[in-house]
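To keep things clear, I will list the structure first and then write my remarks on it.
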Amino acid sequence: MATERKGTFKVKYLQEIERNMQVKWEVAKVYEVNASTLNKKPGEKFFATFPYPYMNGRLHLGHTFSLSKSEFATRYNRLLGKKVLFPFGFHCTGMPIKACADKLTREMEIYGYPPKFPEEREMVEKETEGPKDKSKGKKSKAVAKAGSAKYQWQIMQTLGLQNEEIKKFADAAYWLEYFPPLAVQDLKSIGLHVDWRRTFITTDANSFYDSFIRWQFHHLKSRNKIKYGKRYTIYSPKDGQPCMDHDRSSGEGVGPQEYTLIKMKVLRPQKIMSFDDRSVYLVAATLKPETMYGQTNCWVHPDISYIAYNLTCGDVYISTERAARNMSYQGFFKEEGKIDVVGKFMGKDLLGLELEAPLTFNKVIYTLPMLTIKEDKGTGIVTSVPSDSPDDYAALVDLKKKQPLREKYGITDEMVLPYNPIPIIQVPEFGNLLAVTLYEQLKIQSQNDKVKLAEAKEIAYLKGFYDGVLLVGPHKGKKIQDIKKLVQKEMVNSGEAVIYYEPEKTIISRSNDECVVALCNQWYLDYGEENWKKETLEALKNLDTFHDEVRKNFLACFDWLHEHACSRTYGLGTKLPWDESWLIESLSDSTIYVAYYTIAHLLQGGTFKADGPNEFGLKASDMTLEVWDYIFFKDAKWPKTNIDKVFVDRMRHEFQYWYPVDLRVSGKDLIQNHLTYFLYNHTAIWPNQPELWPRGIRANGHLLLNSAKMSKSEGNFLTLVEAVEKFSADGMRLCLADSGDSIEDANFIESTADAGILRLYNFIEWVKDILNMNQHSCHTGVQDFHDKVFESEINLKIRETGENYSKMLYKEALRTGFYEFQTARDKYLQTSPMVNLDLIKKYIEIQIILLSPICPHVCEYIWGDLLKKDGSILNAKWPVVGEINEILIKSSEYLMDAAHTFRILLKNYMMPKKSKAKNDFTDMEKPTQGIIWVAKTWPPWQSIILTTMREMYSKNENKLPDNKALSAAFAGKAELKKYMKRVMPFVQLVKAKMETVGLSALNLTLDFNEFNVLETNKEYLKNTLGLHDIVIKYTDEAPEKTREECCPGAPYMNFFAKPIVSICIINPQSCSNLLELSMEISTVTAADIVSYIAKQNKHIKDPASIVLYRFNDPNLGPRIRPVAGDILKGKTKLPRDSVFNVDTETESVQVSVAGKTYLVGESLIYIDKSLE
């Protein structure tokens, strides 16, 4: 929950801006959009959607993260000049709302009003096993919303509702009245770019939407996509109907798993109890019926409870009660849901039984103990094939090795010792005893070595299925993947096995019932039909999924998806047109509803349920099947209808203009159901119009909050309204963009949001400062080095940010378009001696356009209120990418890297030095001067290495050979003999550099003149290093040791402490407005002093007009009053190349001119020739 924080001024400041901008947008109706009256051009429009959220509570930060992707994309595409549509509806179909309303009614009946509940007992959620699937969610939405509340009434109280209000929710219709307006209110508070005229709710409460869904299902049935019959489906016995994903509190995305139930006949059942001569079978569920040739025994868990039960066929089965419960809904018993139990046992009672198992070469096998069997998976009975199952082999080895273990469970030697793995499947590289080979290769010690056994099991299954060849039986010599189903069919036909289903993992319904797999009569969508699947795969092929992982998850879903029950008898929704005893379930009425968005504003009349008058005065009864056909099918003929053709043609045009959907954004957990059905239904309704199939689906991971799952019970949860209150809309939006882009879970970190708030606030205040800046401190017009670099970096960031937005990489767009963009600005302000005001204003305008998809309120405020631009930033155009001078950018990066290196060298220079005579340290005097050494070329030995590496790179198919080959090549070069110890370390440095800059790391020269770059930026370097003077020299003049420290692109610097003297610089011209200046000098040229004068006097237009003079008498000259008309009397002109130095002994200033040295004294004269 949101908590009060200290120092919320900046948040409130942003919130005030946001409220004002939202009013501005509302008044201007900036989000309302209609189809263009002109013919649609390619790329002219952008239609984005987000799955409508379910209306049983307030929207939370997880919803907002997913929908923000669609929001950012919509705003970006509008900046590209497209007409954009982002509509938003609300889902009410299905069981949850009705179930919650009924729960409230029951709670009032049982516990009174207001309810007085009994003491709460701790409820432990059952964990399930299974491999991780990145496409599936990690938690139930219902659990996340409910938190620690146990009763529905308590859940409603967590939403801040009072008892009198909660009572109204016992009527399911009230949910549809209460939550949608709050959702709109919350979404408007973040400035969502939505045309709210097109909003609606689902179910038959909305008569127009109800008519649309009935039309969709009419066509699905007429095209043979919907069928009726018995099929295996997830089922809630408590609810008495199928339990679809949206009806579950845990187990979303989990489907039925088919097993082959192997019948192992008990040869002497009387050892357990009397069965009246009936055939008794231990039944084991297996996924690998083809391995039954290798059975050596049967496993049971000594401490698990088992039951024996009569079947309709007259046989008796023994398994866990859980498995029997599943069977009771699959036609095994006379009465559905009723198990005819004839006996109950513990597993230890079944040990040592003699069994006759199908297919195996062993005439008799025995039941043996296995302690790793789980009661919640399969039947609790496991058939053992140690040749191909690592688990079975490990357990068999343990029993053979450990006599005490056998004795503990009454297992005799003849039940175990004679039985060895039977070779039945040949696997390349692993032989004919796959499990034995893996056991030995992985050095597995026992059946308790769980990690290694899990690895072995995965390898065995994959290798056995894809590469295995059967060695025995009628299918000998055939690949396992080709005969698996054949063997299963033969065993079922011979009565040796039956088909059995159970849920892949535990599924709990919202009514808190553990679901089973049931064989039900129901209406279902036949998604497994080959032609439909083929056509939908074609749609997937042409779909932009943005991530390869998403495409893989779609393909995996296509592999297992077959039928999907599209109807139920309980809940809210639209009735099946041909059988109104059934309701269309929530995953089936939410597939092509995005087509309804295109015309919703013309039908809904500005209401959620279309219960007000609409623009055309239409009623739902006017919308016949033929009218819907005419709107949505291009070849449909004009129907017989009383509706004015102008009205219907307008709806038809709206659909044809906006379709197809350009972008569908959703969480990754919907890939295996909603998003796949979304594709299937589009190909079914528009089979001959692939141009109407979806163009893009962007799936994202879940949102963590402060690196942990969002959970109400743990206090780590934020609703949308709480997040806006805590961080402001733009502060939250910025952090959502920064949270992550991949299919992996993203992370909303509150400290990042706080930092973003500060950055936005500071940006606004900086813009205000710039606009109020004294223009005399800036320049305009002609650009200098720093201006050109900054403009190139601006253009580079425009290009990079556009690429990131187009790929929906918003964390990256924020990096390039805000963080790095501001870094470029800060560098410019830091390095430039005088900023270009025109360029800074250009930067501000581009910055707010680049940032506006993510932080629209702040950007709109700066656009209109501060920059005084006309209209809205929404109608701005994405900036055109200008010239990008890569060499200038490289030279600027070089300057910043060099400055960083010099600062480190300066820090090292200032480190106290250890005295030779005494065991103490001497502080270093702060330097005043530095010499920067620049290398024209690499040292000869390094040049040889670089040249050789380039040659080897070219000869080796544009990649460097390994270090061994490189070392051998250098060892043969005599020139390198002296440097051999340094060769390979240098090679490693170069290779590391290649990873960041590419092949240019092997260049012998730079793309720019580094001497000129340093010379041009000497003032910046002096300021950043705190030096009075810097001299730049080539290493030709440097000592040997210094030359070794230098190479192209890596200058070196020495520091010196020299005395500094202050000198007065006077302008004697009358009425000149030129200042008398004071300058501290150490070693400078006359040109340096003139440059200093020009910077200090803003009135000087041309520094070239400034001439410097010295007094002929440095002592008396400054004291003599200037002669009118001859102000230069007693003074001598100094050329620009004159060099000033400080005498270290007398600390007096001297100037060297043409080889002669003169005392200067304390003063100099300067004249502006342009004033004469």
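Take the position in the sequence shown, starting the count at 1, then add 780; the result is the number in the working numbering. A virtual CB, placed ideally from N, CA and C, is assigned to each residue, including glycine. These figures come from a predicted structure and were not determined experimentally.
For Arg1348, the three-state secondary structure derived from DSSP is strand. Residue state for Gln1227 is assigned as coil, using DSSP reduced to three classes.
It is roughly 23 Å from the alpha-carbon of Ala815 to the alpha-carbon of Gly1392. Under the DSSP definition of a beta bridge, Asp1324 partners with Gly1476. Where Trp1546 is concerned, there is no enclosing beta strand (DSSP E), although the alpha helix (DSSP H) around it starts and stops at 1530-1551. Excluding its 5 nearest sequence neighbours in each direction, Pro894 has C-beta neighbours in its own chain below 7 Å: Asn943, listed in chain order. A Cβ-Cβ contact shorter than 8 Å links Gly842 with Met1490. When the beta-carbon positions are compared, Thr983 and Cys880 stay at least 8 Å from each other.
Contact annotation: Thr1937 and Lys1838 have beta-carbon atoms that are not nearer than 8 Å. If one requires a minimum length of 3 residues, no beta strand (DSSP E) run lies completely within the region 1575-1644. Taking C-alpha positions only, Asn1575 is separated from Asn1584 by approximately 14 Å. The region 1725-1734 makes contact with the region 1772-1786: 3 or more CB pairs, one atom from each, lie closer than 8 Å.
Burial check for Leu1443: the Cβ neighbour count within 10 Å reaches 16 or more, so the residue is buried.
Considering only Ile1664, Thr1325, Val1080, Leu1807, the residue with the shortest C-alpha distance to Gly1447 is Thr1325.
Boundaries of the beta strand (DSSP E) around Gly1123: 1120-1126. By the CB criterion at 8 Å, Leu1801 and Phe1701 fall outside the cutoff.
According to DSSP, residue pairing for His1559 in a beta bridge involves Asn1616. In this structure, the beta-carbon distance from Glu1406 to Pro1419 falls below 8 Å. Residue environment: Asp1606 is assigned as exposed (fewer than 16 neighbouring CB atoms within 10 Å of its CB, all protein chains considered).
When the five nearest sequence neighbours on each side are left out, the beta carbons in the same chain lying within less than 8 Å of the beta carbon of Leu1000 are those of Ile1006, Leu1305, Asn1461, Ala1464, Ile1465, in order along the chain. In this chain, the beta strand (DSSP E) harbouring Trp1713 covers 1709-1714. When DSSP states are grouped into helix, strand and coil, Leu1769 belongs to the helix group.
Apart from the 5 residues on each side of it in sequence, Asp1424 sits with its Cβ closer than 8 Å to the Cβ of Phe1396 in its chain, given in chain order. DSSP lists no beta-bridge partner residue for Arg1730.
Shortest Cα-Cα distance from His1081 to any of Arg1102, Leu1631, Asp1129, Glu798 involves Asp1129.
The beta carbon of Asp1156 lies closer than 7 Å to those of Arg1102, Thr1286 in the same chain, with the five residues before and after it left out. A straight line joining the alpha-carbon of Asp1429 with that of Lys1568 spans about 55 Å. Secondary structure remark: continuous beta strand (DSSP E) runs of at least 3 residues inside the region 1816-1892, in chain order: 1832-1836, 1841-1846, 1857-1861, 1886-1891. Annotation for Val1864: Asp1809, Phe1920 place their beta carbon closer than 7 Å to its own, counting only its chain and skipping 5 residues before and after. In terms of Cβ geometry, Pro1357 and Arg994 form a close pair [threshold 8 Å]. Leu1450 has its alpha-carbon roughly 8 Å from the corresponding atom of Ala1479. Between Thr1499 and Leu972, the C-beta spacing is not below 8 Å. Rounded to the nearest angstrom, the Cβ distance from Ser1671 to Phe1791 is 11 Å, too far for a contact under 8 Å. By the C-beta criterion, the region 1057-1070 is judged to be in contact with the region 1030-1040, since at least 3 inter-stretch pairs fall below 8 Å. Check the Cα spacing between Val1767 and each of Asp1742, Asp1650, Ile1288: the tightest is with Asp1742. For Gly837, the closest C-alpha among the options Ala808, Trp955, Lys792 is that of Trp955.
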